[in-house]
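Line order of the protein sequences matches chains A and B. Taking my numbering, the leading residue of the first sequence gets 47, the next gets one more, and so forth. Taking my numbering, the leading residue of the second sequence gets 48, the next gets one more, and so forth. Even for Gly, the Cβ is constructed at its ideal location relative to N, Cα and C. Presented below is the structure to which this report refers.
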Amino acid sequence: DAGVIQSPRHEVTEMGQEVTLRCKPISGHDYLFWYRQTMMRGLELLIYFNNNVPIDDSGMPEDRFSAKMPNASFSTLKIQPSEPRDSAVYFCATAGASGSEQYFGPGTRLTVT
Amino acid sequence: QKEVEQNSGPLSVPEGAIASLNCTYSDRGSQSFFWYRQYSGKSPELIMFIYSNGDKEDGRFTAQLNKASQYVSLLIRDSQPSDSATYLCALDSSYKLIFGSGTRLLVRP
């Protein structure tokens with residue numbers, strides 16, 4: 047199994063630019079989660095999907111953030127416009143039917159200058 | 048607001064010793080608990096989960112859950128330098144994992 051795949055692994059962009067992060071879940075996993083990790087706030091859940099449907103987006107910090115899951119094999123997290131305070135590591139995680147045993151991708155380290 | 052508390056450490060133990068990592072939580076209704084290991088610059092890796100009171104063993108790892116006292120522990124026997132990492136405790140809140148801030152473990156050769 048290839049595990050959760052994320053791209054890009056590193057992204058450096060200027061304030062105001064659009065950023066798109068991508069995730070390919072483990073095949074057969076019904077749940078997909080987007081997390082953000084910073085030194086100050088630790089690991090925070092942004093949004094999660096079940097069977098491609100967004101279930102809880104209460105962790106999305108503001109309207110600049112949006113996430114989609116057009117099919118079972120792909121999800122995106124978009125930030126538009128990006129700001130320096132968005133700099134963090136963004137993880138995608140997926141889980142099977144239990145929803146709880148979550149497996150993380152390698153993450154995308156985002157730096158907004 | 049459900050919270051998960053961990054001592055940030057570092058917890059320093061000599062190679063071969065037992066490392067004991069602890070976690071307390073605020074929500075008495077929490078049912079499922081998870082331990083993740085995160086090496087510096089890497090993603091969290093699921094190493095143990097526990098749903099019932101008592102102990103659960105997997106190799107050198109033992110998870111302990113005491114719902115009455117609202118704490119979860121992770122014991123690592125025969126600690127190795129390769130166990131040096133940050134250990135994150137998490138609880139399940141309707142499929143949302145609430146993470147603690149993690150305890151950094153350092154195993155001295």
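Cα-Cα, which of A:P71, A:V99, A:L78, A:Q63 is closest to G145 of chain A? Reading the first sequence from its first residue, position 99 is the one you call residue 145 of chain A. Among A:P71, A:V99, A:L78, A:Q63, the Cα nearest to that of G145 of chain A is on A:L78.
S73 of chain A versus V65 of chain A - alpha carbon distance: Here residue 73 of chain A corresponds to residue number 27 of the first sequence, with the count starting at 1. Here residue 65 of chain A corresponds to residue number 19 of the first sequence, with the count starting at 1. Taking the straight line from one Cα to the other gives about 25 Å.
Own chain, CB closer than 6 Å to S79 of chain B, minus 5 neighbours either side, in chain order: One-based indexing of the second sequence puts residue 79 of chain B at position 32. Once the five neighbours on either side are set aside, the close Cβ partners of S79 of chain B are Y98, D139.
Given S133 of chain A as reference, the closest of A:A118, A:L67, A:P71 once Cα atoms are compared: Mapped onto the first sequence, residue 133 of chain A falls at position 87. Looking at the Cα atoms, A:L67 is the closest of the given residues.
Residues of chain A with CB closer than 7 Å to the CB of D32 of chain B, please, in chain order. Examination of residue 32 of chain B is not possible in this model, given that chain B is present from 48 through 156 alone.
Can we say the region 112-131 of chain A touches the region 109-127 of chain B, given the rule of at least three CB pairs closer than 8 Å? no
Which residues in the same chain have their Cβ closer than 8 Å to the Cβ of L144 of chain B, if we skip the five residues on either side of it in sequence? The sequence position of residue 144 of chain B within the second sequence is 97, counting from 1. Excluding residues within five positions, the ones whose Cβ falls inside 8 Å are F81, A137, L138.
Under the DSSP definition of a beta bridge, which residues are partnered with I93 of chain A? Against the first sequence, residue 93 of chain A aligns to sequence position 47. A:W80.
Below 9 Å on C-beta distance, what does D102 of chain A contact in chain B? Residue numbering aside, residue 102 of chain A sits at position 56 when the first sequence is read from its first letter. What D102 of chain A touches in chain B: S141, Y142, K143.
For the beta strand (DSSP E) containing R68 of chain A, name the first residue and the last one. Here residue 68 of chain A is taken as the residue at index 22 of the first sequence, counted from 1. Note, R68 of chain A: beta strand (DSSP E), 65-70.
On the CB-based measure, 16 or more other CB atoms within 10 Å of its CB, does R84 of chain B come out buried or exposed? Your numbering for residue 84 of chain B matches position 37 in the second sequence. Flag for R84 of chain B reads buried.
Does the count of Cβ pairs from the region 78-94 of chain A and the region 57-64 of chain A closer than 8 Å reach three? no
Residues bridged to T159 of chain A (per DSSP): Here residue 159 of chain A corresponds to residue number 113 of the first sequence, with the count starting at 1. Per DSSP, none; premise fails for T159 of chain A.
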